[in-house]
Amino acid sequence: MAWKETCVMDLKIKFISDWLSGRYTKTLLSSKYSISRPTVDKWIARYSQYGPSGLYERSRRPASSPNQTPPAISDKLLALKRSHPHWGPKKINDLFKIKYPRLHCPADSTTAHIFSQAGLVKPRRIKRSVTPYSANLTKSTQPNDVWNIDFKGQSLLGNSQWCYPLTVTDDFSRFLIGVDGLMSTGFQGVHAVMERHFHEFGLPLVIKSDNGVPFASKALAGLSYLSIWFIKLGITPERIAVGKPTQNSRHERMHRTLKAESMNPMQHTLEKQQMSFNQFRDNYNYLRSHEALGRTRPAEHYEYSPRIYVPNKYEINYDLRNKKSQT
Numbered sequence: 001m002a003w004k005e006t007c008v009m010d011l012k013i014k015f016i017s018d019w020l021s022g023r024y025t026k027t028l029l030s031s032k033y034s035i036s037r038p039t040v041d042k043w044i045a046r047y048s049q050y051g052p053s054g055l056y057e058r059s060r061r062p063a064s065s066p067n068q069t070p071p072a073i074s075d076k077l078l079a080l081k082r083s084h085p086h087w088g089p090k091k092i093n094d095l096f097k098i099k100y101p102r103l104h105c106p107a108d109s110t111t112a113h114i115f116s117q118a119g120l121v122k123p124r125r126i127k128r129s130v131t132p133y134s135a136n137l138t139k140s141t142q143p144n145d146v147w148n149i150d151f152k153g154q155s156l157l158g159n160s161q162w163c164y165p166l167t168v169t170d171d172f173s174r175f176l177i178g179v180d181g182l183m184s185t186g187f188q189g190v191h192a193v194m195e196r197h198f199h200e201f202g203l204p205l206v207i208k209s210d211n212g213v214p215f216a217s218k219a220l221a222g223l224s225y226l227s228i229w230f231i232k233l234g235i236t237p238e239r240i241a242v243g244k245p246t247q248n249s250r251h252e253r254m255h256r257t258l259k260a261e262s263m264n265p266m267q268h269t270l271e272k273q274q275m276s277f278n279q280f281r282d283n284y285n286y287l288r289s290h291e292a293l294g295r296t297r298p299a300e301h302y303e304y305s306p307r308i309y310v311p312n313k314y315e316i317n318y319d320l321r322n323k324k325s326q327t
């Protein structure tokens, strides 16, 4: 019998009528209506217990969902997601485990579903990854082998002043040494920031940069006053090839996160923007997990350098007097 030619409910009624007539065995009914013997038994049992209403289709949803995430857990996950809207389910789950170590954390896929149901997932364009270039550049095998330094472009503050974010990361641990909003890319501001970092974290073996000011110049070997100062401190300056940001891919990846989480939009004043940078730095180092680090945080891998910074006042003053002559 062709089920699609008539209503399923009508067929069930005819089926019961044939059964009640006493002219058909269950085997014959199974053959006549092209249904299995267990289905025959099920329909007869439902009719016997509930009457005609028992023939209606029932919801196949389980009466209970023992594996469903409790609302208290979902609410906490959603609160974390709203606090960190740019983080995916993996990073939110890793943060959840830190904040609520005694609570059961759902699977990453479950958390992703919770966010999707709440409308908190924005589709993003998948970008093709580029293999990082590493030839002739020092490879870090421990903290402070290589620091990366760069400016995250220039951005206009709400008060129409320009902000030049200077960023420094430890290449091995991804630890964000600092994000400092400067008013220019000049030597003096960068020198002051780096001196503060050296005092706090010690000296790296290598500092890697691009070829922009003040990291390089048109002088012999491309040395600038900043790179000369590094050399005097026992730090080797390295520069990536012109137009090859992939040679500093780890740092560039941090820049994308920095822009998304603390520069969109920019604050009204440099002071407020610096507060935003400081908050980002703390989150990046101590809260945000990194898949490249086995879903742990940079602070768990970074150690202070044993190479202590000892300033040479004469050399610093010499550089400051000559900063205007830098090209």
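If you count the sequence shown from 1, position 6 lands on 6 in full-length UniProt numbering, and the numbers rise without skipping. We put the CB at the ideal spot given by N, CA and C, even for glycine.
Quick one: does residue i have its CB under 7 Å from some CB of chain B?
i, result
"residue 172", "Protein chains in the displayed structure number just one, and chain B is not present."
Under the criterion of a Cβ to heavy atom distance below 6 Å, does residue i qualify as lining the ligand MG?
i, result
"residue 117", "Judged by which ligands are present, the structure shown has none, so any question about the ligand MG falls away."
With a threshold of 7 Å on Cβ separation, who are the neighbours of residue i within its own chain once the five nearest residues in sequence on each side are excluded?
i, result
"residue 184", "164"
In chain order, what residues of the same chain lie with their CB nearer than 8 Å to the CB of residue i, ignoring the 5 residues before and after it?
i, result
"residue 293", "173, 174, 300 and 301"
"residue 306", "202"
"residue 24", "18 and 32"
"residue 46", "54 and 55"
"residue 74", "114"
"residue 159", "268 and 269"
"residue 157", "163, 266, 267, 268, 269, 270 and 273"
"residue 8", "57"
"residue 141", "172"
What residues are listed by DSSP as bridge partners for residue i?
i, result
"residue 357", "What is shown of the chain runs 1 to 327, which leaves residue 357 out entirely."
"residue 27", "Partner(s): none; residue 27 has no beta bridge."
"residue 119", "According to DSSP, residue 119 bridges with nothing at all."
"residue 268", "Looking at the DSSP assignment, residue 268 forms no beta bridge with any residue, so it has no partner."
"residue 164", "182"
"residue 296", "290"
"residue 155", "163"
"residue 176", "169"
Measuring only the C-alpha atoms, how far is residue i from residue j?
i, j, result
"residue 290", "residue 87", "11 Å"
"residue 228", "residue 137", "19 Å"
"residue 33", "residue 41", "13 Å"
"residue 220", "residue 146", "24 Å"
"residue 281", "residue 71", "32 Å"
"residue 102", "residue 10", "55 Å"
"residue 176", "residue 297", "11 Å"
"residue 232", "residue 309", "11 Å"
"residue 14", "residue 30", "13 Å"
"residue 56", "residue 27", "23 Å"
"residue 192", "residue 182", "11 Å"
"residue 94", "residue 77", "11 Å"
"residue 90", "residue 196", "34 Å"
"residue 355", "residue 279", "With the chain covering only 1 through 327, there is no way to say anything about residue 355."
"residue 211", "residue 265", "28 Å"
"residue 255", "residue 204", "21 Å"
"residue 244", "residue 252", "11 Å"
"residue 100", "residue 92", "12 Å"
"residue 234", "residue 139", "18 Å"
"residue 37", "residue 44", "11 Å"
"residue 274", "residue 247", "28 Å"
"residue 328", "residue 143", "This structure cannot settle anything about residue 328, because the visible part of the chain is limited to 1 through 327."
"residue 218", "residue 242", "13 Å"
"residue 287", "residue 208", "26 Å"
Excluding the 5 residues preceding and the 5 following residue i in the sequence, name in chain order all residues of the same chain whose CB lies nearer than 6 Å to its CB.
i, result
"residue 214", "187, 190, 224 and 226"
"residue 16", "47"
"residue 311", "none"
"residue 240", "210, 247 and 248"
"residue 222", "216"
What ranges does the alpha helix (DSSP H) occupy inside the region 194 to 240, keeping only unbroken runs of at least 4 residues that lie completely in it? 225 to 232
Answer yes if the region 267 to 276 comes into contact with the region 99 to 117, meaning at least three C-beta pairs across the two stretches below 8 Å, and no otherwise. no
For the 8 Å Cβ check, are there 3 or more pairs between the region 111 to 119 and the region 147 to 156? no
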